[in-house]
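Okay, so here's the structure we're looking at.
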Amino acid sequence: MFAYQIHKSEEEAIVVFEGDLDIESGEVLEEDILPIVSEYPSVRLNFGEVYFVDSSGIGLIIRTVDELREGGRTVKIENVRPEVMEVFELLQIREILGEDVFE
Amino acid sequence: MERSIITRAKSAEQAVDEALKLLAVSRESVQIEILEPGGRGVLGLGTRLAVVKVTVIDSGSVSALQSAGSQEITVPTAETSHENTETQIETLPVLNPASEEQGGIGIHNGRFHIQATGTRLPLLTPPPGAVLYRNGTQVDGKVSVSPGDELELESAPKVEAPIWRIEIDEACLRAELHVRPGFERQFTLLDCKPQANLVVPVSERRTFLPIPQAEVAGRLKELGVIYGVRAEIIKQACTSEEPGVFVIAEGSPAVEGANGTFSTNFETETKRLSPQSREDGTIDYREIVEFPTVIEGQVLARTFPARPGRPGRDLLDRPIQPRVVQSIELAAGEGVSITEDGRRAVAIRSGMPRMKHQGFRVHLSVLPKLSHRGDVDLKSGNIRFRGDVEISGGVQNGMNVEAIGSINIRGPIASATIEAAYSLIASGNLIGAHVSVGKRSEFFNQVEPLLLEIASQTQLLQSAIEQLGQTAAFKLNDIQQTGLGALLSVLLRGKFKALHAVLTRFSEQATKNEAQLDVDWKDYAHRLKYGFLDLRQGGLRDSAELDAFRRRTLELAESVSGPEDRPIFAELQYVQNSHVYCGGKVRAAKGAYNATIYCQGELEAGGTLRGGVYFAGRGIAVKEVGAPGGVATKLQVPETAVIRATRVMEGTVVQIGRRSFQFVEAASNVHARLGSSGELLLF
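The listed protein sequences derive, respectively, from chains B and X.
Residue 60 in my numbering sits at position 3 of the first sequence, with consecutive numbering throughout.
Residue 279 in my numbering sits at position 205 of the second sequence, with consecutive numbering throughout.
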């Protein structure tokens, strides 16, 4: 089950994920969300409603952040739930993406 | 009130001692009154016990002799047999003559009689262990009693229930019943004469309370224990009057099997044969060396099957699996065929056998032998062969002979390069030659530490993945579809950056030395690259594959560091102006001139070593070294080895470890070595 909302303003796009970030939702992220938000100079990814991730989902998050940054955008990940943060910690996502992504 | 006791014993002294013990005081705190001195009786008939009265003196008490009450105690002899379930403890009262003023409490036919005749009320102490009621309330400690009081001893038995519990060990193979037996104590009043201060005398009957076996059986059932129950032990435990631990159920552990084994049927050692007669009748005193050879059709190895174990059963009647046994797997390399049942490896051509044994895998191959007639020269071309090489002639200037095997050259070797993986036998002289025997290729030197690092990092990787699987928010199901690729990519980028670096280094080395690698190494390098580094095909599929990779890494690491499957040596005659490297032992039967010989084993030289540098990892034994007034000759060994020379000329340098010495004059029977404190000893 995966849904999302995008709140747009002039400077910023905020994506609110609703549901698991896994192999199924990956496609949606890649094909639907990414094209829209890559136009904005600043992108926020809100993980408040994300309860589960899998390896494909994690891979995709990393690729998404990488791509956006390569395009000169600033990216932030926020509101990560503690259980999901535990996974991030085990995989050292903060080191991979850099502390500034997590504010 | 003072405490006092009347005691009886054979002598007054003993009686006092007893009293002091019972009162738990020292002699200084008491007043002693001897009521009967004891000793022989009147008219010399019989003996009388001494009777003493011992009173504890209270500091500030007025009358030490006035006792308001007393007890007489004879030291009881208790019965201690275990079959007796009744113990009787009695106290015997005695009437205190000075008590009429006070009144007294007596017991007659099991009922209390209270007389209060004087100005003071009698006193009562409840019996230890039993419960006494006065007017319906339980009596605690000493109390005074008036004639109207109703005194009653608790007649209901006091139950100390048995305590038991069952403990099952971790392996679920043993159930222990821990018991503490229970008893029922019942007290009855003993009749006694009235006393002013009565400690209520009671007799106690103790009954053993067995543990109901049905309860124990029921608990076992609750725990699910259905196998190996020993009813007779349960009965023993339940009826035991002593606390203890009893094994009431026992499972059967698994019987372990045995792994498979194998035996080989060929020699790996080079044989030396004694002098032979030549065709022309003369005797050839040179040793003939035969390389190990097998012939076509020869069974090289056979396996013996593994013997599987037998499962056991635990208390819950679940099977206990024995360790999985492993069979030996025979793998066929070139020149070898494995029978269909996989039990035998057969040579399908003659040649040199090679065996690589790693864990449960035995890889056999037969490399062919090349016999080259005549010299190796510009006409014949260089020789490069995977197998043994035999050259009936010599080797000319500028030529190369390279063999993954052993090389036997009958003729002289000029300025040529000879490279043998195992051994070289040169019957002719070496002049200006460049020889390398058993040199481990740089690839293996580099790769061994990498493999060990990869294996240990992979194990950590496995743990990390396991840990990840146990976190609440991580789902593993996508791995079944897509493999470990996505996960590995993240891990190798973050937490396992170091592993990524080592894997890359290995991959680079493997590509660089591709020509040298046999099929095993090539296969491993491929698995490594596409399992971790190039993830386009999904990488390793699952944790089983990851574990298999780790084990294979260790196998390969072992094969690099393990003992060689064949001895490494160089058998030379006369070595002049040549450079010899050998991973094992070197023998220069006729000596050397201006040569560099570096070997990891021992160097043995006949003739003379004249000029040059000679290093041997395990020691040097030579006849003659050095030349008078001539070229400098250096002999060097590590600090644990020795140099022996029958004759050393001046100018020769010997070096052991870091200590060296130059001979300024000739010497004989030199035995150079380092002493216990590192000093250089020469003889």
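In this text, a Cβ means the ideal position worked out from N, Cα and C, and glycines have one as well.
Tell me, please, whether the CB atom of X:Ala-662 is closer than 8 Å to any CB atom in chain B?
-> Along the second sequence, read from residue 1 onward, the residue named residue 662 of chain X stands at position 588. No, X:Ala-662 lies away from the interface with chain B (no Cβ there is under 8 Å from its Cβ).
Collapsed DSSP secondary structure at B:Tyr-61 in the structure displayed = As a position in the first sequence, residue 61 of chain B is number 4, starting the count at 1. Strand.
So what's X:Tyr-604 in DSSP terms, helix, strand or just coil?
-> Counting from 1 along the second sequence, the entry for residue 604 of chain X is found at position 530. The answer is helix: DSSP assigns X:Tyr-604 an H, G or I state.
Beta-carbon proximity of X:Lys-697 to X:Thr-682, cut-off 8 Å = On the second sequence, residue 697 of chain X is found 623 positions in, with the first residue counted as 1. On the second sequence, residue 682 of chain X is found 608 positions in, with the first residue counted as 1. Yes, Cβ-Cβ distance for X:Lys-697 and X:Thr-682 is below 8 Å.
Using a cut-off of 7 Å between C-beta atoms, extract the partners of X:Ser-563 located in chain B.
-> By one-based count along the second sequence, residue 563 of chain X stands at place 489. Near X:Ser-563 (Cβ distances below 7 Å), the residues of chain B are Gly-116.
Between the Cα of X:Gln-470 and those of X:Gly-479, X:Arg-460 and X:Arg-484, spot the shortest distance and give me the residue it belongs to.
-> Here residue 470 of chain X corresponds to residue number 396 of the second sequence, with the count starting at 1. That would be X:Arg-484, whose Cα lies nearest to the Cα of X:Gln-470.
Whose C-beta lies closer than 7 Å to the C-beta of X:Ser-751 among residues of the same chain, with five residues either side of it excluded?
-> For the purposes of this step, residue 751 of chain X is taken as the residue at position 677 of the second sequence. Same-chain partners within the cutoff: there are none.
Per-residue contacts from X:Arg-567 into chain B (C-beta, under 8 Å) | In the second sequence, the residue the question calls residue 567 of chain X occupies position 493. By Cβ distance, chain B contributes Ile-119 and Ile-153.
Please say whether B:Val-122 and B:Asn-103 have beta carbons closer to each other than 8 Å?
-> Against the first sequence, residue 103 of chain B aligns to sequence position 46. Against the first sequence, residue 122 of chain B aligns to sequence position 65. It is not a contact, given that the beta carbons lie outside the stated cut-off.
Should X:Ala-494 and X:Ile-481 be called a contact, given that it needs their Cβ atoms to be closer than 8 Å?
-> Mapped onto the second sequence, residue 494 of chain X falls at position 420. Mapped onto the second sequence, residue 481 of chain X falls at position 407. For X:Ala-494 and X:Ile-481, yes; Cβs fall inside 8 Å.
Compile a chain-ordered list of the residues in the region 301-312 of chain X whose CB is closer than 9 Å to at least one CB of chain B.
-> none
Check the DSSP bridge columns for X:Trp-595 and list the partner residues they point to.
-> Locating residue 595 of chain X in the second sequence gives position 521, counting from the first residue. According to DSSP, X:Trp-595 bridges with nothing at all.
Taking only runs of the beta strand (DSSP E) that begin and end inside the region 233-276 of chain X, which ones reach a length of at least 3 residues, in chain order?
-> 237-242, 248-254, 256-263, 266-269 and 271-273
Taking Cβ-Cβ distances shorter than 9 Å, what residues in chain X pair up with B:Ile-134?
-> Here residue 134 of chain B is taken as the residue at index 77 of the first sequence, counted from 1. Residues of chain X passing the Cβ test: none, with the nearest at roughly 15 Å.
Look at the alpha carbon of X:Gln-212 and the alpha carbon of X:Trp-238, and state the distance between them as a whole number of angstroms.
-> Taking the first residue of the second sequence as position 1, residue 212 of chain X is located at position 138. Taking the first residue of the second sequence as position 1, residue 238 of chain X is located at position 164. Roughly 31 Å separates the two Cα atoms.
Should the region 649-660 of chain X be called in touch with the region 610-630 of chain X, which here means at least 3 C-beta pairs below 8 Å?
-> no
Ordered along the chain, which non-local residues of its own chain (more than five positions away) have a Cβ less than 8 Å from that of X:Asn-651?
-> Walking along the second sequence from the start, residue 651 of chain X turns up at place 577. Cβ neighbours of X:Asn-651 beyond the five flanking positions: Ile-505, Gly-506, Tyr-667, Asn-668 and Ala-669.
X:Leu-94 in three-state terms, based on DSSP = What you label residue 94 of chain X is simply residue 20 of the second sequence in a count that begins at 1. Looking at X:Leu-94 - three-state DSSP - the assignment turns out to be helix.
Are the C-beta of B:Glu-143 and some C-beta of chain X separated by less than 8 Å?
-> Mapped onto the first sequence, residue 143 of chain B falls at position 86. Judged by the 8 Å Cβ criterion, B:Glu-143 is in contact with chain X.
Is it true that the CB of X:Ile-717 sits closer than 8 Å to the CB of X:Gly-686?
-> In the second sequence, the residue the question calls residue 686 of chain X occupies position 612. In the second sequence, the residue the question calls residue 717 of chain X occupies position 643. Not in contact: X:Gly-686 and X:Ile-717 (Cβ atoms no closer than 8 Å).
Closer than 8 Å to chain X by CB, B:Ile-71 = Start at 1 with the first residue of the first sequence, and residue 71 of chain B comes out as number 14. Not closer than 8 Å to any Cβ of chain X, the Cβ of B:Ile-71 fails to qualify, so no.
8 Å contact criterion, which X:Val-290 and X:Leu-251 should meet: CB distance rounded | As a working note, residue 290 of chain X is residue 216 in the second sequence. As a working note, residue 251 of chain X is residue 177 in the second sequence. Sure, about 6 Å apart at Cβ, within 8 Å.
For X:Ser-530 and X:Val-368, the rounded distance between their alpha carbons = Along the second sequence, read from residue 1 onward, the residue named residue 368 of chain X stands at position 294. Along the second sequence, read from residue 1 onward, the residue named residue 530 of chain X stands at position 456. Cα-Cα distance, rounded: 40 Å.
Could you work out which residue in B:Leu-147, B:Phe-159 and B:Val-100 is closest to B:Gln-62 when comparing CA atoms only?
-> Along the first sequence, read from residue 1 onward, the residue named residue 62 of chain B stands at position 5. Of B:Leu-147, B:Phe-159 and B:Val-100, the residue nearest in Cα terms is B:Val-100.
Flag B:Ser-112 as yes if its beta-carbon sits less than 8 Å from any beta-carbon of chain X, otherwise no.
-> Counted from its first residue, the first sequence places residue 112 of chain B at position 55. True, the Cβ-Cβ gap to chain X drops below 8 Å.
In chain order, what residues of the same chain have a beta carbon less than 8 Å from the beta carbon of X:Ser-103, not counting five sequence neighbours either side?
-> For the purposes of this step, residue 103 of chain X is taken as residue 29 along the second sequence, with counting starting at 1. Answer for X:Ser-103: Val-130 and Ile-131, listed in chain order.
Contact residues within the region 72-102 of chain B, judged by C-beta distance below 8 Å to chain X | Asp-77, Asp-79 and Ile-80
Pick out whichever of X:Leu-562, X:Ser-563 and X:Val-634 has its Cα sitting closest to the Cα of X:Asp-789.
-> Given that chain X is displayed from residue 75 to residue 757, the structure contains no residue 789 of chain X and the question cannot be resolved.
Report the three-state DSSP secondary structure of X:Leu-542 (helix, strand or coil).
-> Taking the second sequence and counting its residues from 1, the one referred to as residue 542 of chain X is at position 468. Helix at X:Leu-542.
Residues of its chain near B:Leu-148, where Cβ-Cβ distance is below 7 Å and the 5 sequence neighbours each way are ignored | Here residue 148 of chain B refers to the residue found at position 91 of the first sequence. Closer than 7 Å at Cβ, skipping near neighbours: Ile-115.
Chain-order list of residues whose beta-carbon lies under 6 Å from that of X:Arg-460 (same chain, five-residue window excluded) | Against the second sequence, residue 460 of chain X aligns to sequence position 386. Contacts found: Leu-441 and Ile-478.
Which whole-angstrom value is the C-beta distance of X:Val-564 and B:Ile-119, which I expect to be below 8 Å?
-> Position 490 of the second sequence holds residue 564 of chain X. Position 62 of the first sequence holds residue 119 of chain B. With a Cβ gap of about 6 Å, X:Val-564 and B:Ile-119 count as contacting.
Please say whether X:Ala-599 and X:Ala-575 have beta carbons closer to each other than 8 Å?
-> Within the second sequence, the letter at position 501 stands for residue 575 of chain X. Within the second sequence, the letter at position 525 stands for residue 599 of chain X. It is not a contact, given that the beta carbons lie outside the stated cut-off.
Use the C-beta contact count for B:Ala-60: other C-beta atoms within 10 angstroms, 16 or more gives buried, fewer gives exposed.
-> Position 3 of the first sequence, counted from the first residue, corresponds to residue 60 of chain B. Exposed: under 16 other Cβ atoms inside 10 Å.
Neighbour-count burial assignment, X:Val-705, 16 or more Cβ in a 10 Å radius | By 1-based counting over the second sequence, the position of residue 705 of chain X is 631. With fewer than 16 Cβ atoms within 10 Å of its Cβ, X:Val-705 is classed as exposed.
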